[in-house]
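A.B. asks: Here it is, the structure, as structure tokens.
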Amino acid sequence: MKKIPAFRKALLEWYDKHKRELPWRGVSDPYAIWISEIMLQQTRVAAVIPYYERFLAAFPDFRALAQAPEEAVLHLWAGLGYYSRARNLQKAARQMVEMGEFPGGYEAIRGLAGIGDYTAAAVASIAFGLPHAVLDGNVMRVLARVGNDASDIANGQTRKRLQGLAQEMLDRSRPGEFNQAVMELGATVCLPKQPLCAQCPVVAYCQARTAGRERELPVKGRRNNTVKVERTLLLIWKGEDVLAWKRGEESSQLRGFWELPEPEHLAGAQVVHSVGEFRHSITNHQFLFHVAEARILRKPKGFYYVSPSHEGDTPLSTTTRKALACSKKWRKSFPGS
DNA sequence: AACGCGGGGCT
DNA sequence: AGCCCAGCGTT
């Protein structure tokens, strides 16, 4: 692309004036920047903010995080999704304790658990001012449009080329802010469906806009169809406690979280009544959960009565919490039952 | 290269 | 009803 210096200048001036005030903006602590970047992986800013505040209050530095019980970390992460991020976070914190410090170079950062190309470049540039360009969904969209590039961004070769282009565009005097400026543009102006080109500081450099094709870019390969599944969760009370089981180490998903039993688990369970239903969609599955209260004669092996109100040592899965909410709502409409 | 992983908000 | 989101690790 021509006029790269002018592009950088226009973008950075816009960023200085229009950037959103976010809790991790203006922070210089690499630890805090790292936490924010991990939370922001595939997760919107609005969802991250409250988690970020709570997490930093609970674990102010990598030593505190390294020492914490995994249950406490998962509890603070519950609801944010992609739980391997939380486990890798703690793994990386322990790596830092071994190293004696937060690593200050790109390769060392890239070697930490849960850190890939994107996050390594983000932390290196924002926390340490190193000249590494980030490439995420926002950057790919902006670059594909600026260059009017109709290549499939799901393709590895395309990504490699875009990574090179991003590196070429990077303002080496302000790498961290330039990276954030491109992402900010993608998040607030260069939107996927309806780009706000009238507000765009670099519209003059956008070849897709010139061609009138900005809404058609970027091109992305089609993904899997969604699968619909119907299931039932059982609430079996013993006083204030409810019967649940814990996902063990062998579980590939939601490891360490507590789940409610289903009829298949409990051959002898007698359903008392239904308390409602809720929808829950994850990745390409769309669940409809029926929720029922039930009774059993004897506690089955592998199940325990846990207290939903003392969630500190029993992280509850989102479906468990939604089912408990159904029960609470049902009780409100049928008091005394 | 393809897939699994959460969950929510917007179109 | 999809699409998309400051992606990463495994196979």
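Count the first sequence with my numbering and you get residues 1196 to 1532, in order. A virtual CB, placed ideally from N, CA and C, is assigned to each residue, including glycine.
(1) Given this structure, state the Cα-to-Cα distance separating Lys1494 from Arg1442, to the nearest angstrom.
(2) Going straight from the alpha carbon of Leu1206 to that of Phe1482, what length do you get?
(3) Tell me the DSSP secondary structure of His1485 in three-state form.
(4) Starting from Tyr1499, follow its DSSP beta bridges and name the residues at the other end.
(5) Got a sec? Which residues, its chain only, sit under 8 Å from Lys1203 by beta carbon, not counting five neighbours each side?
(6) Can you list, in chain order, the residues of its chain with a C-beta nearer than 7 Å to that of Glu1232? Leave out the 5 residues immediately preceding and following it.
(7) Would you call the region 1400 to 1414 and the region 1343 to 1357 touching, i.e. three or more CB-CB distances under 8 Å?
(8) Would you call Val1379 buried or exposed, if buried means 16 or more other Cβ atoms sit within 10 Å of its Cβ?
(9) Do you know offhand how far Leu1271's Cα is from Ala1518's?
(10) Looking at the unbroken beta strand (DSSP E) that takes in Leu1351, where does it start and where does it end?
(11) For the beta strand (DSSP E) that contains Leu1206, what are its first and last residues?
(12) When DSSP builds the beta bridges, which residues end up paired with Val1466?
(13) So does the region 1379 to 1391 actually touch the region 1443 to 1457, counting three or more Cβ pairs closer than 8 Å?
(14) With C-beta atoms as the reference, is Val1437 less than 8 Å away from Leu1430?
(15) Between Ala1308 and the rest of its own chain, which residues show a CB-CB distance below 6 Å, the 5 nearest in sequence each way excluded?
(16) How would you call Met1196, buried or exposed, if buried means at least 16 neighbouring beta carbons within 10 angstroms?
(17) Could you check the C-alpha separation between Pro1510 and Gln1448 for me, to the nearest Å?
(18) Give the range of the alpha helix (DSSP H) segment to which Val1240 is assigned.
(19) Should His1480 be counted as a contact of the ligand NAP given a C-beta to heavy atom distance under 7 Å?
(20) Over the uninterrupted alpha helix (DSSP H) stretch that includes Leu1380, give me the two end residues.
(21) Give me, in chain order, the residues of the same chain whose beta-carbon lies closer than 7 Å to that of Ala1339; leave out the 5 immediate sequence neighbours on both sides.
(22) Return yes when the Cβ of Val1486 is within less than 8 Å of the Cβ of Ser1502, no when it is not.
(23) Between the beta-carbon of Pro1370 and the beta-carbon of Pro1326, is there less than 8 Å?
(24) For Trp1219, which residues in the same chain have their Cβ closer than 7 Å to its Cβ, ignoring the five residues on either side in sequence?
(25) Can you find the residues in the same chain that come closer than 8 Å, C-beta to C-beta, to Asp1335, ignoring five residues on each side of it along the sequence?
C.D. replies: On the basis of the coordinates in this document:
(1) Between Lys1494 and Arg1442, the C-alpha separation is close to 18 Å.
(2) Taking the CA atoms as reference points, Leu1206 sits about 43 Å from Phe1482.
(3) Note: His1485 maps to strand in three-state DSSP.
(4) When DSSP reads this structure, Tyr1499 sits in a beta bridge with Ala1439.
(5) The amino acid occupying residue 1203 in the given sequence is Arg; Lys does not appear at that position. Setting aside the 5 residues that flank it on each side, Arg1203 is surrounded in the same chain by Met1364, Asp1366 and Phe1373, each with a C-beta closer than 8 Å to its C-beta; the list follows chain order.
(6) Sequence-distant partners of Glu1232 (beyond 5 residues in either direction) whose C-beta falls short of 7 Å from its own C-beta, in its chain, are Thr1314, Ala1317 and Val1318.
(7) A contact is defined here as three or more CB-CB pairs under 8 Å, and the region 1400 to 1414 meets this definition with respect to the region 1343 to 1357.
(8) One detail in the question is off: residue 1379 reads as Glu in this sequence, not Val. Residue environment: Glu1379 is assigned as buried (16 or more neighbouring CB atoms within 10 Å of its CB, all protein chains considered).
(9) Between Leu1271 and Ala1518, the C-alpha separation is close to 20 Å.
(10) Rather than Leu, the amino acid found at residue 1351 in this sequence is Gly. For Gly1351, no beta strand (DSSP E) run applies; the uninterrupted alpha helix (DSSP H) run containing it begins and ends at Gly1351 to Met1364, by DSSP.
(11) Where Leu1206 is concerned, there is no enclosing beta strand (DSSP E), although the alpha helix (DSSP H) it sits in stretches over Ile1199 to His1213.
(12) Its beta-bridge partners are Ala1489.
(13) No, they do not touch.
(14) Against a cut-off of 8 Å, the Cβ pair of Leu1430 and Val1437 comes out as a contact.
(15) Taken in chain order, the residues that qualify are Asn1283, Lys1286 and Ala1287.
(16) For Met1196, the number of other beta carbons within 10 angstroms of its own is below 16, and it is reported as exposed.
(17) Using only the alpha carbons, I get a separation of about 14 Å.
(18) For Val1240, the uninterrupted alpha helix (DSSP H) segment begins and ends at Val1240 to Ala1253.
(19) Judged by which ligands are present, the structure shown has none, so any question about the ligand NAP falls away.
(20) First-last of the alpha helix (DSSP H) with Leu1380: Pro1370 to Thr1383.
(21) Excluding sequence neighbours, Ala1339 sits near Ile1348, Leu1412 and Pro1413.
(22) One thing to note: Ser1502 has its Cβ no nearer than 8 Å to the Cβ of Val1486.
(23) Contact: yes.
(24) Sequence-distant Cβ neighbours of Trp1219 in its own chain, meaning closer than 7 Å and more than five residues away, are Ala1227, Ile1228, Ser1231 and Tyr1247.
(25) Here residue 1335 is Met; the residue named in the question, Asp, does not match the sequence. Excluding residues within five positions, the ones whose Cβ falls inside 8 Å are Ile1348, Arg1354, Leu1357 and Pro1413.
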